[in-house]
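Below: one structure, written as structure tokens.
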Amino acid sequence: MANVILQTQIPNTNVRRGKVRDVYDLGDKMLLVASDRISAFDVIMKTGIPHKGQVLTQISKFWFEFLAGVVENHLLSDDPRQYPAPFCNYAEQLVGRSMLVKKTRVLPVECIVRGYITGSGWKEYQ
């Protein structure tokens, strides 16, 4: 089974842990790292889902790139080799699950989808 990353470990850094992401403060930038933690109804579970953080990051990256011509976003890089030290030294831990972003004002939008059935599950339900 793949390794589950419940939190990142980068020594001598300023980190704040949210429900799913580890947020490193880099002054005018931040490093957002999506872990494999599970949060349901504002409770963080003890186990994680392998690659969940990578999937979340890739979905975010897709939308940032797709909408780049429509609305400006904060994404600077998702390549750990381009991150400032010491983060660039932890590329193996950060690749695919992290983004270097500009600090900016938060746009308070949240979307939660629960209990949505499609395909054969929907046909059987009907």
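Be aware that the sequence shown starts at -8, since it is given in this note's numbering, and climbs by one per residue.
Glycine included, C-beta positions come from ideal geometry on N, C-alpha and C.
Limits of the unbroken beta strand (DSSP E) element including residue i
i: LYS37; result: 34 to 39
i: ILE50; result: Note, ILE50: premise wrong, no beta strand (DSSP E); alpha helix (DSSP H) at 43 to 57.
i: LEU91; result: 89 to 93
i: VAL6; result: 6 to 8
i: VAL61; result: Neither: VAL61 is in no beta strand (DSSP E) and is coded neither H nor E.
Helix, strand or coil at residue i [DSSP, three-state]
i: ALA82; result: helix
i: LYS114; result: helix
i: ARG28; result: strand
i: ARG72; result: helix
i: LEU23; result: strand
i: TYR107; result: coil
i: LEU66; result: strand
i: VAL97; result: coil
Check whether residue i and residue j have beta carbons under 8 Å apart
i: ARG88; j: VAL(-5); result: no
i: GLN(-2); j: SER26; result: yes
Buried or exposed (CB count within 10 angstroms, at least 16 for buried), residue i
i: THR48; result: buried
i: VAL92; result: buried
i: MET90; result: buried
i: ASP19; result: exposed
_With three or more C-beta pairs closer than 8 Å as the rule, is the region 24 to 44 touching the region 53 to 62?_
no
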